[in-house]
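Asks:
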Amino acid sequence: MNRAAVPVACFAAFVTALDNSVLMVALPTIGRDLGLSTTGLQWAVVGYMLVFASLMPGAGAAGDRFGHRRVLVAGLLGFAAASLGCGTSHDGWELALWRAAQGAAAAAIVPTGLAVLRTHLDAAHRRTGIAAWTGALAVALAVGPALGGLLSEAAHWRWIFLGNVPLSVAAAVLAGALPARRSTRPTPLPVRSTVALTAAVFLVAATVLSVGGDGPVAALAALSGAACLLFASVERSAAHPLFPAGSVRSVFVGGTVAQALWGLAVSGVLFVLPLHLHHAEGFTPLRTGLFLVPAALAVIAGAPVVPVLVDRLGPWRTAACGLGAVTSGLAAMPWATPPVLAACLVVVGFGSALTTPLTAAVLDAADERSAGVASATVTASRELAGGFGVAVIGLAFTSAGHAAASVVAAGAVAVALGITLALAARSRRSRHEA
């Protein structure tokens, strides 16, 4: 056992999670300095999310094949290089490309960071390590908005990215000091499926982002359809597909879709809200960051309540309570004043904490032989949905304003709530029949 794995994994998780939470409040400033439209800002956010989600299953397989420590170190150094590129970008496309590079590096960091906890800790200490890893994510979520606003006002938005460089390099040095663990069963790399999936999601995102603009929407839509068909064909013919047929069950699919819809809504709202507060309310980046802190704290405050509710209600009904709260908070946002909007965000944050049992319930529904694939699928689908949330809800914001964006987000979570209630009823019937 090597307890140094805990700070390494936590540091890696903190760096990657902080980057996204810091960025959102700085978007209006970045857009002004680089002359970016809302669509340009969307690409800076979406590029990271889509690459991250698309490459994560393949990156996990690379860690199994070449060693988790080695892939983790490469990911951290790549994240440092991409952050340097972001911090020195001079136009929107340069920033979007470096953000995509950050997403690729993060795809290597997240699954291998968790795997390091599994391979370097014994069973008694593994749960503590994973709890610390989750805590690092929560801290990044809580301090990110205020830190992003402070850096944007007191220094420059470029330091949001440049600050990652020494942190990532330090984490790589710590990770490199861990003892190597070789895989006893080399894992094939799903290269063709990963490339096909990445092409498909980027073309679909480009289609959504081009709606209402001057882009060739019809041509992009046709290419998107062709790319999706190509991915399906590659998956069917692959000896080692990303998502093996028959490895999951309908409950797994339904729960994953519910989680994805929640991620779509929340990511989209967190993208448009700083833009709304800046343009409609005159908020500075720091004020926007401080405005979002109570919502992040509500997520942390809700975490201890989850085990109590799961014991009393079960995971599906607990998640349904959370999705109901998120739907209510989003539905009340369209014409809310800033104080009411802050209260709505707290409700959304607390409700989001209550949705976390969905992950465990969904993974329990997966075929035990495909646990690794199931974990990657859940995480990747949530990130993909977040990227499309920025695109779709950003489109609603650009076309019809903040109210329309909030209504679309509330509708998405309402559908997730319906799916979860149906799964809760199915679970209750199954217990009675047993």
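Take the sequence shown: its position 126, counting from 1, is numbered 126 in the UniProt record's numbering, and each next residue is one higher.
A virtual CB, placed ideally from N, CA and C, is assigned to each residue, including glycine.
1) So the candidates are Gln42, Thr356, Gly78, Val269; which of them puts its Cα closest to the Cα of threonine 318?
2) How long is the line joining the alpha carbons of cysteine 10 and arginine 287, rounded to whole angstroms?
3) Are the CB atoms of glycine 78 and alanine 104 nearer to each other than 9 Å?
4) Can you give the beta carbon distance from alanine 13 to valine 116, rounded, assuming they're within the 8 Å contact cut?
5) Do isoleucine 393 and glycine 268 have their beta-carbon atoms positioned less than 9 Å apart in this structure?
6) If you reduce the DSSP assignment to three classes, tell me which class phenylalanine 283 lands in.
7) Quick check on this structure: which residue in Ala365, Ala17, Pro7, Pro304 has the alpha carbon closest to the alpha carbon of valine 139?
8) Look at the alpha carbon of threonine 184 and the alpha carbon of alanine 175, and state the distance between them as a whole number of angstroms.
9) Given 8 Å as the limit, is there contact between the stretch 35-42 and the stretch 162-175, that is, 3 or more CB pairs closer than that?
10) Could you check where the alpha helix (DSSP H) with proline 338 kicks off and where it finishes?
11) Decide if histidine 402 is buried, meaning its Cβ has at least 16 other Cβ atoms within 10 Å, or exposed.
12) Apply the 10 Å Cβ neighbour rule to alanine 424 and answer buried if 16 or more other Cβ atoms are within range, or exposed otherwise.
13) Please state whether the Cβ-Cβ distance between proline 111 and methionine 56 is less than 9 Å.
14) Give me, in chain order, the residues of the same chain whose beta-carbon lies closer than 8 Å to that of valine 208; leave out the 5 immediate sequence neighbours on both sides.
15) Are the CB atoms of leucine 292 and alanine 409 within a distance shorter than 9 Å?
16) By Cβ distance, which residues of its chain are closer than 7 Å to valine 46, with the 5 residues on each side in sequence left out?
17) Give me the Cα-Cα distance between arginine 118 and arginine 69, rounded to the nearest whole angstrom.
18) How would you label tryptophan 335, buried or exposed, when you count the other beta carbons within 10 angstroms and need 16 or more for buried?
19) Go to tryptophan 98, then tell me how far its alpha helix (DSSP H) extends in each direction, as first and last residue.
20) Write down the C-beta distance between alanine 295 and valine 253 rounded to the nearest angstrom, noting that I regard them as a contact closer than 8 Å.
21) With burial defined as no fewer than 16 other Cβ atoms inside 10 Å of the residue's Cβ, what is the status of proline 274: buried or exposed?
22) According to DSSP, simplified to helix, strand and coil, what is valine 211?
23) When the Cα of alanine 26 is compared with those of Val257, Gly322, Gly87, which residue comes out closest?
24) Measuring only the C-alpha atoms, how far is valine 310 from valine 266?
25) Classify proline 216: buried if its beta carbon has 16 or more other beta carbons within 10 angstroms, exposed otherwise.
26) So, cysteine 321 versus glycine 289, is the Cβ gap smaller than 9 Å?
27) Judging by CA-CA distance, which residue of Ala180, His279, Leu121, Thr327 is the nearest neighbour of serine 37?
28) Using a Cβ-Cβ cut-off of 8 Å (strictly less than) and excluding sequence neighbours within five positions of valine 191, which residues of its own chain qualify?
29) Work out the CA separation of phenylalanine 52 and leucine 384 for me, nearest whole Å.
30) How many Å lie between threonine 398 and valine 211 at the Cα?
31) Is it buried or exposed, residue 436, if we count other Cβ atoms within 10 angstroms and call 16 or more buried?
32) Within the same chain, show all residues whose beta-carbon is closer than 6 Å to that of leucine 270, passing over the 5 residues directly before and after it, in chain order.
33) Tell me whether the beta-carbon of threonine 337 lies closer than 9 Å to the beta-carbon of valine 413.
34) Can you tell me where the alpha helix (DSSP H) holding residue 437 begins and where it ends?
35) Among the candidates Gly324, Leu114, His276, whose CA atom is the shortest distance from the CA of proline 28?
36) Spatial neighbours of residue 442 within its chain, please: CB distance less than 7 Å, with the 5 preceding and 5 following residues excluded, ordered by chain position.
Replies: Let me spell this out:
1) As a position in the sequence shown, residue 318 is number 318, starting the count at 1. When only C-alpha atoms are compared, the closest one is Thr356.
2) The count along the sequence shown starts at 1 and reaches residue 10 at position 10. The count along the sequence shown starts at 1 and reaches residue 287 at position 287. A direct Cα-Cα distance of roughly 28 Å separates cysteine 10 from arginine 287.
3) Taking the sequence shown and counting its residues from 1, the one referred to as residue 78 is at position 78. Taking the sequence shown and counting its residues from 1, the one referred to as residue 104 is at position 104. Their beta carbons are under 9 Å apart, which means glycine 78 touches alanine 104 by this criterion.
4) Indexing the sequence shown from 1 puts residue 13 at position 13. Indexing the sequence shown from 1 puts residue 116 at position 116. 11 Å between Cβ atoms; not a contact.
5) Locating residue 268 in the sequence shown gives position 268, counting from the first residue. Locating residue 393 in the sequence shown gives position 393, counting from the first residue. It is a contact, given that the beta carbons lie within the stated cut-off.
6) Counting from 1 along the sequence shown, the entry for residue 283 is found at position 283. Phenylalanine 283 falls in the coil class under three-state DSSP.
7) Translated into the one-based positions of the sequence shown, residue 139 becomes position 139. Out of Ala365, Ala17, Pro7, Pro304, Ala17 has the C-alpha closest to the C-alpha of valine 139.
8) In the sequence shown, the residue the question calls residue 184 occupies position 184. In the sequence shown, the residue the question calls residue 175 occupies position 175. Any reading at threonine 184 is ruled out, since the residue's pLDDT is 49, under 50, leaving its predicted position unreliable.
9) no
10) The residue you call residue 338 lines up with position 338 of the sequence shown. Counting along the chain, the unbroken alpha helix (DSSP H) around proline 338 starts and ends at 338-354.
11) On the sequence shown, position 402 is the one that residue 402 refers to. Classification for histidine 402: buried.
12) Here the question's residue 424 lines up with position 424 in the sequence shown. Result: buried.
13) As a first step, residue 111 is located in the sequence shown; it is residue number 111 there, counting from the start. As a first step, residue 56 is located in the sequence shown; it is residue number 56 there, counting from the start. In contact: proline 111 and methionine 56 (Cβ atoms closer than 9 Å).
14) Here the question's residue 208 lines up with position 208 in the sequence shown. Same-chain partners within the cutoff: Phe388, Ala391, Val392, Leu395.
15) Along the sequence shown, one-based indexing puts residue 409 at 409. Along the sequence shown, one-based indexing puts residue 292 at 292. With respect to the 9 Å criterion, alanine 409 and leucine 292 are not classified as neighbours on the basis of their beta carbons.
16) As a first step, residue 46 must be located in the sequence shown, where it is residue number 46. Hits under 7 Å: Ala205, Gly387, Val390, Ala391.
17) The residue given as residue 118 occupies position 118 in the sequence shown. The residue given as residue 69 occupies position 69 in the sequence shown. Looking at the two C-alpha atoms, the distance is approximately 12 Å.
18) The residue you call residue 335 lines up with position 335 of the sequence shown. Classification of tryptophan 335: exposed, given that the 10 Å Cβ count is below 16.
19) As a first step, residue 98 is located in the sequence shown; it is residue number 98 there, counting from the start. Residues 92-120.
20) Residue numbering aside, residue 295 sits at position 295 when the sequence shown is read from its first letter. Residue numbering aside, residue 253 sits at position 253 when the sequence shown is read from its first letter. Contact flag wrong, Cβ pair sits at about 30 Å.
21) Within the sequence shown, numbered from 1, the residue matching residue 274 stands at position 274. Classification for proline 274: buried.
22) Locating residue 211 in the sequence shown gives position 211, where the first residue counts as 1. Reduced to three states, the DSSP call for valine 211 is coil.
23) On the sequence shown, residue 26 is found 26 positions in, with the first residue counted as 1. Measuring from the Cα of alanine 26, the nearest candidate turns out to be Gly87.
24) Numbered from 1 along the sequence shown, position 310 holds the residue referred to as residue 310. Numbered from 1 along the sequence shown, position 266 holds the residue referred to as residue 266. Near 23 Å, if we compare the C-alpha coordinates of valine 266 and valine 310.
25) Translated into positions along the sequence shown, residue 216 becomes position 216. Proline 216 is exposed by the Cβ-count criterion.
26) Numbered from its first residue, the sequence shown carries residue 321 at position 321. Numbered from its first residue, the sequence shown carries residue 289 at position 289. No, the pair does not count as a contact, with Cβ atoms beyond the cut-off.
27) Indexing the sequence shown from 1 puts residue 37 at position 37. Taking only the C-alpha atoms, the option nearest serine 37 is His279.
28) If you number the sequence shown from 1, residue 191 lands on position 191. Taken in chain order, the residues that qualify are Gly58.
29) Along the sequence shown, read from residue 1 onward, the residue named residue 384 stands at position 384. Along the sequence shown, read from residue 1 onward, the residue named residue 52 stands at position 52. Leucine 384 and phenylalanine 52 have their alpha carbons spaced roughly 8 Å apart.
30) By 1-based counting over the sequence shown, the position of residue 398 is 398. By 1-based counting over the sequence shown, the position of residue 211 is 211. If you take the alpha carbons of threonine 398 and valine 211, they lie about 11 Å apart.
31) Absent from the structure is residue 436, since the part of the chain shown begins at 1 and ends at 434.
32) Along the sequence shown, one-based indexing puts residue 270 at 270. Cβ neighbours of leucine 270 within its own chain (closer than 6 Å, five residues either side excluded): Met24.
33) The residue given as residue 337 occupies position 337 in the sequence shown. The residue given as residue 413 occupies position 413 in the sequence shown. No, they are not a contact pair.
34) This structure leaves residue 437 out entirely; the chain is present only between 1 and 434.
35) Start at 1 with the first residue of the sequence shown, and residue 28 comes out as number 28. Selected option, being the one with the closest Cα: His276.
36) Outside the modelled stretch of the chain, which goes from 1 to 434, sits residue 442, for which no answer is possible.
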